[in-house]
Amino acid sequence: MLNAEQREIRDLARDFAEGEIVPRAAAWDRDRAFDREVLDRLAELGFLGMLTPPEYGGLGFDTPTYLVAMEEIARGDAALALTVAIQNGPVPHILLTHGSEEQKTRWLPALASGQKIAAFALSEAEAGSDPSAMTTRAREDDGDWVISGSKKWVTNGSRADLAIVFARTGPVSARPPIGAFLVDTGAEGYRVGRREKTMGLCASETVSVALEGVRVGRERLVGDPGRALGYALGALDLGRLGIAAQAVGIGQAALEHATRYARERRQFGRPIADFGAIRSSLAMMASRIAGSRALVMEGAAAWEERGRGDSEGLPVTARSAMAKLLASETAMWVTEEAVRIFGGYGFMREFPVEKLMRDAKGTEIYEGTSEILRLVIGRALTRSL
74 MLNAEQREIR DLARDFAEGE IVPRAAAWDR DRAFDREVLD RLAELGFLGM
124 LTPPEYGGLG FDTPTYLVAM EEIARGDAAL ALTVAIQNGP VPHILLTHGS
174 EEQKTRWLPA LASGQKIAAF ALSEAEAGSD PSAMTTRARE DDGDWVISGS
224 KKWVTNGSRA DLAIVFARTG PVSARPPIGA FLVDTGAEGY RVGRREKTMG
274 LCASETVSVA LEGVRVGRER LVGDPGRALG YALGALDLGR LGIAAQAVGI
324 GQAALEHATR YARERRQFGR PIADFGAIRS SLAMMASRIA GSRALVMEGA
374 AAWEERGRGD SEGLPVTARS AMAKLLASET AMWVTEEAVR IFGGYGFMRE
424 FPVEKLMRDA KGTEIYEGTS EILRLVIGRA LTRSL
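Here the sequence shown is numbered in this note's numbering, starting from 74 and rising by one per residue.
The following block contains the structure:
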């Protein structure tokens, strides 16, 4: 059950989504871009700094409250919700937990206000599920760091003002030293490459980035120069919860469209909602979404209590993986069911469920594929026995 504050945030996010996101989502999908003004409005309402403490310009909400809002924004448009997730999640988290006071004071208010849009540059063409295999390198030179290499699948890559870039700071090894660097996207040598033509989440700008001798000062290094892989993996636990909430929002939108259509669509002289097969499908859609939502909230509670484990001895990494695995696969199944209920119309671009199905597929892939998540969960289970 949600508390009073969470209900208030949910209602605010829902009203914003229904009034300002839903009417434009199809056009954003078609045009492969959303309006900058919608980010400005989200920032005005505080949705870009939900987890950031008030002393750094944010609202300081807990993780469950943030995820409630994420679900509602994703109900409106999952591509926009992905940008909101990055702005709230991995980048601010790494700054809060490992950044210097100067870095926090300089960057967190700018992110929370939407003055700066963030990107998370971890993955590479040959280092996706295994980021330790990255080849991007940072070397010290006359008191600065010089970064060379390339990054792949960078969300917000062409929109971002600030990227947190991960690079090796030492020789190749099984666990190479990796540093995290705050890089202005306008820096000399920072090149935004081809924008990817994705199946879904089309309004999200996913690009490759080349770093051609990008020079940054020592003050741009976050934390220890050799421990940032751990920072990234820890931040992904929070990121996966955000994606899980996004998936729940996609599924909820599909359920609502399918239910409304089933009530209105008539065949054989009556609404198709009168047929047992349709009712059974809707019942399972609703039940699986509710189960996913509950697991997301369980993962959020584990994140709030991270470091202590839980009664089953599972770490937050496993809990967040479970939430994302179930929620993303549920979203995919639910949207496929919605397309079936719509029949031929579900295959048409003019109707919303085909977009939802395309968007749902993305949640099974980024920030940990289903296969990787199963490995994470299975490893945690066998270690706890």
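The C-beta atom is built at its ideal place from N, Cα and C for all residues, glycine as well.
### Query
Between the beta-carbon of K428 and the beta-carbon of A99, is there less than 9 angstroms?
In the sequence shown, residue 428 corresponds to position 355, counting from 1. In the sequence shown, residue 99 corresponds to position 26, counting from 1. For K428 and A99, yes; Cβs fall inside 9 angstroms.
### Query
How is the alpha helix (DSSP H) around D217 delimited, first residue to last?
By one-based count along the sequence shown, residue 217 stands at place 144. From DSSP, D217 is part of no alpha helix (DSSP H) but of the beta strand (DSSP E) over D217 to T228.
### Task
Scan the region 345-385 and note each continuous alpha helix (DSSP H) run of 4 residues or more that stays entirely inside, going in chain order.
Taken in chain order, the complete alpha helix (DSSP H) segments of 4 residues or longer contained in the region 345-385 are 349-377.
### Distance between A396 and F341 (C-alpha atoms, nearest Å)
Your numbering for residue 341 matches position 268 in the sequence shown. Your numbering for residue 396 matches position 323 in the sequence shown. Going by the C-alpha atoms only, they are around 41 angstroms apart.
### Query
What is the DSSP secondary structure of G290, counted as helix, strand or coil?
Indexing the sequence shown from 1 puts residue 290 at position 217. It is a strand residue.
### Message
Residues in the same chain with beta-carbon distance under 6 angstroms from Q79, minus the five sequence neighbours each way, listed in chain order, please.
### Response
Indexing the sequence shown from 1 puts residue 79 at position 6. The residues are T138 and V141.
### Message
Taking only three categories from DSSP, how would you classify I316?
### Response
Counted from its first residue, the sequence shown places residue 316 at position 243. Looking at I316 - three-state DSSP - the assignment turns out to be helix.
### Query
Tell me which same chain residues have a C-beta within less than 6 angstroms of the C-beta of I450, skipping the five on either side of it?
Locating residue 450 in the sequence shown gives position 377, where the first residue counts as 1. For I450, where only same-chain residues beyond five positions count, the Cβ hits under 6 angstroms are A391, A394 and M395.
### Query
Secondary structure at S202, three-state DSSP: helix, strand or coil?
Residue 202 sits at position 129 when you count from the first residue of the sequence shown. Residue state, collapsed to three classes: coil.
#### Entry: Cut-off 7 angstroms between Cβ atoms - residues of its own chain near G307, not counting five sequence neighbours on either side
On the sequence shown, residue 307 is found 234 positions in, with the first residue counted as 1. Counting only Cβ-Cβ distances below 7 angstroms, and skipping sequence neighbours, we find nothing.
#### Entry: Among P388, E378, A326 and A374, nearest to M358 - alpha-carbon criterion
Along the sequence shown, read from residue 1 onward, the residue named residue 358 stands at position 285. The candidate whose alpha carbon is nearest that of M358 is A326.
### Message
For K189, tell me which candidate among I414, V282, G230 and R264 has the shortest Cα-Cα distance.
### Response
Translated into positions along the sequence shown, residue 189 becomes position 116. Nearest of I414, V282, G230 and R264 to K189, Cα basis: G230.
### Cβ separation of A200 and A206, assumed to be a contact under 8 angstroms, to the nearest whole Å
On the sequence shown, position 127 is the one that residue 200 refers to. On the sequence shown, position 133 is the one that residue 206 refers to. Contact holds; Cβ gap of about 4 angstroms.
### Message
Rounded to whole angstroms, what is the Cα-Cα separation between V369 and A404?
### Response
Translated into positions along the sequence shown, residue 369 becomes position 296. Translated into positions along the sequence shown, residue 404 becomes position 331. So the alpha carbons of these two residues sit roughly 13 angstroms apart.
#### Entry: F134 classed as buried or exposed, judged by whether at least 16 other C-beta atoms fall within 10 angstroms
The count along the sequence shown starts at 1 and reaches residue 134 at position 61. Label assigned to F134: buried.
### Query
Can you tell which of T258, M272, D297 and V280 has the C-alpha that lies nearest to the C-alpha of C287?
As a position in the sequence shown, residue 287 is number 214, starting the count at 1. The amino acid at residue 287 is misidentified as Cys; the sequence shows Val. Nearest neighbour of V287 by Cα position, chosen from T258, M272, D297 and V280, turns out to be T258.
### Message
In whole angstroms, give me the CA-to-CA distance for A317 and E409.
### Response
By one-based count along the sequence shown, residue 317 stands at place 244. By one-based count along the sequence shown, residue 409 stands at place 336. Each residue's alpha carbon lies about 18 angstroms from the other.
### Task
Have a look at G419, A301 and L309 and flag the residue whose alpha-carbon is nearest the alpha-carbon of L328.
For this step, residue 328 is matched to residue 255 along the sequence shown. Nearest C-alpha to L328: G419.
### Task
Throw me the rounded Cβ distance for the A400 and V295 pair, which I believe falls under 8 angstroms.
Indexing the sequence shown from 1 puts residue 400 at position 327. Indexing the sequence shown from 1 puts residue 295 at position 222. Not really, about 29 angstroms apart at Cβ, beyond 8 angstroms.
### Message
I'd like to know if the region 149-167 and the region 329-338 are in contact, where contact means that at least 3 CB-CB pairs between them fall below 8 angstroms.
### Response
no
#### Entry: Extent of the continuous beta strand (DSSP E) to which R105 belongs
Within the sequence shown, the letter at position 32 stands for residue 105. No beta strand (DSSP E) holds R105; DSSP gives it neither H nor E.
### Query
Cα separation between V227 and R413?
One-based indexing of the sequence shown puts residue 227 at position 154. One-based indexing of the sequence shown puts residue 413 at position 340. Approximately 33 angstroms, taken between the alpha carbons.
### Query
Using the C-alpha atoms, what's the distance from L309 back to E402?
For the purposes of this step, residue 402 is taken as residue 329 along the sequence shown, with counting starting at 1. For the purposes of this step, residue 309 is taken as residue 236 along the sequence shown, with counting starting at 1. E402 and L309: Cα-Cα distance of roughly 18 angstroms.
### Query
Is it buried or exposed for N76, if we count other Cβ within 10 angstroms and need 16 for buried?
Indexing the sequence shown from 1 puts residue 76 at position 3. With fewer than 16 other Cβ atoms within 10 Å, it is exposed.
#### Entry: Any beta strand (DSSP E) of 3 or more consecutive residues that is wholly inside the region 247-311
Counting only runs of 3 or more, we get 251-257, 263-268 and 279-290.
#### Entry: Residue range of the alpha helix (DSSP H) that includes F239
Stepping through the sequence shown from its first residue, residue 239 is reached at position 166. That residue, F239, is in no alpha helix (DSSP H); its beta strand (DSSP E) goes L235 to R241.
### Message
Suppose you measure from the CA of R300 to the CA of L235; what does that come to, to the nearest Å?
### Response
Along the sequence shown, read from residue 1 onward, the residue named residue 300 stands at position 227. Along the sequence shown, read from residue 1 onward, the residue named residue 235 stands at position 162. Going from the Cα of R300 to the Cα of L235 covers about 21 angstroms.
#### Entry: Close-in-space but distant-in-sequence residues of the same chain around F107 (CB under 6 angstroms, 5 per side omitted)
Position 34 of the sequence shown, counted from the first residue, corresponds to residue 107. Once the five neighbours on either side are set aside, the close Cβ partners of F107 are W101, L153 and A276.
### Task
Using only alpha-carbon positions, find the residue among R148, D150 and A192 that is nearest to N161.
Mapped onto the sequence shown, residue 161 falls at position 88. Measuring from the Cα of N161, the nearest candidate turns out to be A192.
### Query
Would a C-beta distance cut-off of 9 angstroms place L255 and Q176 closer than the cut-off?
On the sequence shown, residue 255 is found 182 positions in, with the first residue counted as 1. On the sequence shown, residue 176 is found 103 positions in, with the first residue counted as 1. Taking 9 angstroms as the Cβ cut-off, L255 and Q176 qualify as a contacting pair.
### Query
Just reading off the beta strand (DSSP E) that D150 is part of, what are its end residues?
The sequence position of residue 150 within the sequence shown is 77, counting from 1. No beta strand (DSSP E) holds D150; DSSP gives it neither H nor E.
### Contact set for A211: own chain, Cβ-Cβ below 6 angstroms, skip 5 residues either direction
Residue numbering aside, residue 211 sits at position 138 when the sequence shown is read from its first letter. For A211, where only same-chain residues beyond five positions count, the Cβ hits under 6 angstroms are W218, I220, A240, T242 and G252.
### Query
Could you give the distance in angstroms between the alpha-carbon of R313 and the alpha-carbon of R343?
Here residue 313 refers to the residue found at position 240 when the sequence shown is read from its first residue. Here residue 343 refers to the residue found at position 270 when the sequence shown is read from its first residue. Cα to Cα, R313 sits roughly 43 angstroms from R343.
### Task
Find out if the Cβ-Cβ distance for the pair L468, G187 is shorter than 9 angstroms.
This structure leaves residue 468 out entirely; the chain is present only between 74 and 458.
### Message
I'd like the list of long-range same chain contacts for G364, defined as Cβ closer than 6 angstroms, with 5 residues on each side in sequence excluded.
### Response
Within the sequence shown, numbered from 1, the residue matching residue 364 stands at position 291. Hits under 6 angstroms: none found.
### Message
In this structure, how does DSSP classify E423 when only helix, strand and coil are distinguished?
### Response
The residue you call residue 423 lines up with position 350 of the sequence shown. In this structure, E423 counts as coil in the three-state DSSP scheme.
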